[in-house]
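S.K.:
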Amino acid sequence: MHNGTPDRSFSLRIAVIVGLLAGITALHYLTTLQHQHAHDIYRRLYYVPIVLGGLWFTLRGGLGAAIAASLLFLPHVVLQWGHHPVSQPEQYLEILLYNIIGGLTGFLSGRELEQKRAHQHAALRLEESYRTLSAQADQILEIEEQLRRADRLSTLGELSAGLAHEIRNPLGSIRGTAEILKDGVAADDPRHEFAEILIKEVDRLNRVLEDFLRFARQAPVERGIFDLNAVVREVLDLTRRQAERNDVAVVADFAELPGLPGDGGQIRQALLNLVLNALQAMPAGGQLTVTTRGGTETVEVAVADTGPGIPDGEEERIFKTFVTTRADGTGLGLPISQRIVASHGGQIRVAGTAGGGATFIVALPLQKETSP
Numbered sequence: 441m442h443n444g445t446p447d448r449s450f451s452l453r454i455a456v457i458v459g460l461l462a463g464i465t466a467l468h469y470l471t472t473l474q475h476q477h478a479h480d481i482y483r484r485l486y487y488v489p490i491v492l493g494g495l496w497f498t499l500r501g502g503l504g505a506a507i508a509a510s511l512l513f514l515p516h517v518v519l520q521w522g523h524h525p526v527s528q529p530e531q532y533l534e535i536l537l538y539n540i541i542g543g544l545t546g547f548l549s550g551r552e553l554e555q556k557r558a559h560q561h562a563a564l565r566l567e568e569s570y571r572t573l574s575a576q577a578d579q580i581l582e583i584e585e586q587l588r589r590a591d592r593l594s595t596l597g598e599l600s601a602g603l604a605h606e607i608r609n610p611l612g613s614i615r616g617t618a619e620i621l622k623d624g625v626a627a628d629d630p631r632h633e634f635a636e637i638l639i640k641e642v643d644r645l646n647r648v649l650e651d652f653l654r655f656a657r658q659a660p661v662e663r664g665i666f667d668l669n670a671v672v673r674e675v676l677d678l679t680r681r682q683a684e685r686n687d688v689a690v691v692a693d694f695a696e697l698p699g700l701p702g703d704g705g706q707i708r709q710a711l712l713n714l715v716l717n718a719l720q721a722m723p724a725g726g727q728l729t730v731t732t733r734g735g736t737e738t739v740e741v742a743v744a745d746t747g748p749g750i751p752d753g754e755e756e757r758i759f760k761t762f763v764t765t766r767a768d769g770t771g772l773g774l775p776i777s778q779r780i781v782a783s784h785g786g787q788i789r790v791a792g793t794a795g796g797g798a799t800f801i802v803a804l805p806l807q808k809e810t811s812p
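Numbers in the numbering used here are just positions in the sequence shown, counted from 1, shifted up by 440.
1. List the endpoints of the continuous beta strand (DSSP E) containing Arg733.
2. Report the option in Ile776, Thr799, Gln706 whose CA atom is closest to the CA atom of Thr731.
3. Can you say whether Val518 is buried or exposed, counting buried as having 16 or more other CB atoms within 10 angstroms of its CB?
4. Any beta-carbon of chain B closer than 8 Å to the one on Arg685?
5. What separation, rounded to the nearest whole angstrom, lies between the Cα atoms of Ile637 and Gln682?
6. Using the Cβ count rule (16 or more neighbours within 10 Å means buried), how would you classify Met441?
7. Please list the terminal residues of the continuous alpha helix (DSSP H) segment that includes Glu674.
8. Under three-state DSSP, which class holds Pro805?
9. Any idea if Val743 is buried or exposed, counting beta-carbon neighbours within 10 angstroms, 16 or more meaning buried?
10. With DSSP collapsed to three states, give me the class of Val739.
11. Could you please give the first and the last residue of the uninterrupted beta strand (DSSP E) stretch that includes Asp693?
12. Contact between the stretch 481-497 and the stretch 533-550 is defined here as three or more beta-carbon pairs at a separation below 8 Å; is this criterion met?
13. Where does Thr465 fall in DSSP's three states?
14. Report the rounded CA-to-CA distance for Ala724 versus Ala689, giving the unit in angstroms.
15. Indicate the three-state DSSP secondary structure (helix, strand or coil) for Ala791 in the structure shown.
16. Which word fits Tyr469, buried or exposed, when buried means at least 16 other C-beta atoms lie within 10 angstroms of its C-beta?
17. Just to confirm, is the Cβ distance from Leu460 to Val488 under 8 Å?
18. Can you tell me where the alpha helix (DSSP H) holding Leu499 begins and where it ends?
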């Protein structure tokens with residue numbers, strides 16, 4: 441036991457019963473027979489410890505207290521009331537009632553205790569069932585949300601197919617025309633600047649369209665073994681110029697990693713989205729830290745920036761489609777990365793850093809060994 445409270449309570453109850461039995465017995469033996477009314481009261485006082493024994497210790501306690509009272513009272517009846525044959529039968533009947541009352545009280549107390557324990561057990565089972573039902577309800581709601589999301593994605597796929605046909609070709613024509621116009625005027629002509637703006641906006645619209653297509657129609661995973669460190673190096677090479685333009689220092693720390701199962705091209709796209717987001721969060725300079733580390737079951741890539749960070753409570757929301765904090769963002773980069781990582785059995789989590797900045801951690805499972 442962790443504390444002595446149950447032992448003290450048990451000992452105290454035993455002491456109360458023993459004390460009452462001893463006190464009542466002493467009153468009997470110390471009171472003369474001339475005070476018959478007092479003896480009538482004393483022998484009925486035995487019911488107090490008998491009932492307490494039954495209530496506190498069920499059948500065993502009730503019968504134990506009754507037998508003890510009987511053994512203590514019996515010599516008094518035989519020795520002191522033996523010369524009063526008229527009153528003696530009444531005393532023996534009282535002893536019989538002691539045992540009947542003790543047994544009945546203990547039995548009923550035991551039944552009540554069993555019912556109480558049964559109710560407590562039922563309450564625990566109900567509580568466990570409630571927790572299980574609550575978890576199942578949450579799971580059902582999550583599945584329902586996934587179905588709604590899948591339905592939206594299906595609609596988005598159809599919309600993207602139409603966009604690809606209706607917008608991509610005109611965008612190419614517009615860009616080509618803008619380049620011709622730009623080449624036909626001097627660099628100091630205002631029309632040259634307008635043509636550059638037009639080309640830049642056409643490129644932005646094309647990127648939005650590409651994001652829609654990539655998100656709505658993700659290519660199947662081409663299973664193979666790829667080098668995660670090599671993929672990260674490729675991503676850093678692709679983003680080196682943007683990092684230089686933003687005056688961002690890039691720090692890379694690579695751990696020795698085994699080959700991973702999956703599609704290296706898709707993982708490269710997922711990490712590219714994370715690195716581009718980090719660079720865009722630091723337009724006035726900062727530091728980008730990319731770290732790989734191994735584990736027993738997974739390997740991780742951490743992409744940390746020193747930008748403004750993510751507002752509290754937004755860690756989950758930023759992975760929803762069309763949620764963006766940039767005026768020119770599509771809100772699809774992080775959902776695309778999350779979907780790619782999830783298709784590889786991994787997960788992405790985000791954590792803020794003290795003093796600003798954010799860290800995105802991609803965890804990918806190691807290849808499971810198969811028995812020959």
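Heads up, the beta-carbon is just placed ideally off N, CA and C, and yes, glycines get one too. Since this is a predicted model, take the numbers as computed values, not measurements.
M.R.: Reading from the atomic positions:
1. 726-734
2. If we check each option's Cα against that of Thr731, Thr799 comes out closest.
3. exposed
4. Here there is only one protein chain, and chain B is not present.
5. 19 Å
6. With a pLDDT of 43 at Met441, under the threshold of 50, the predicted position of this residue should be treated as unreliable, though the coordinate-derived value follows. Exposed, since its Cβ has fewer than 16 Cβ neighbours within 10 Å.
7. Unbroken alpha helix (DSSP H) run through Glu674: 668-678.
8. strand
9. buried
10. strand
11. Boundaries of the beta strand (DSSP E) harbouring Asp693: 688-693, taken from the DSSP string.
12. At 8 Å Cβ cutoff, the stretches touch.
13. helix
14. 11 Å
15. strand
16. exposed
17. yes
18. 487-515
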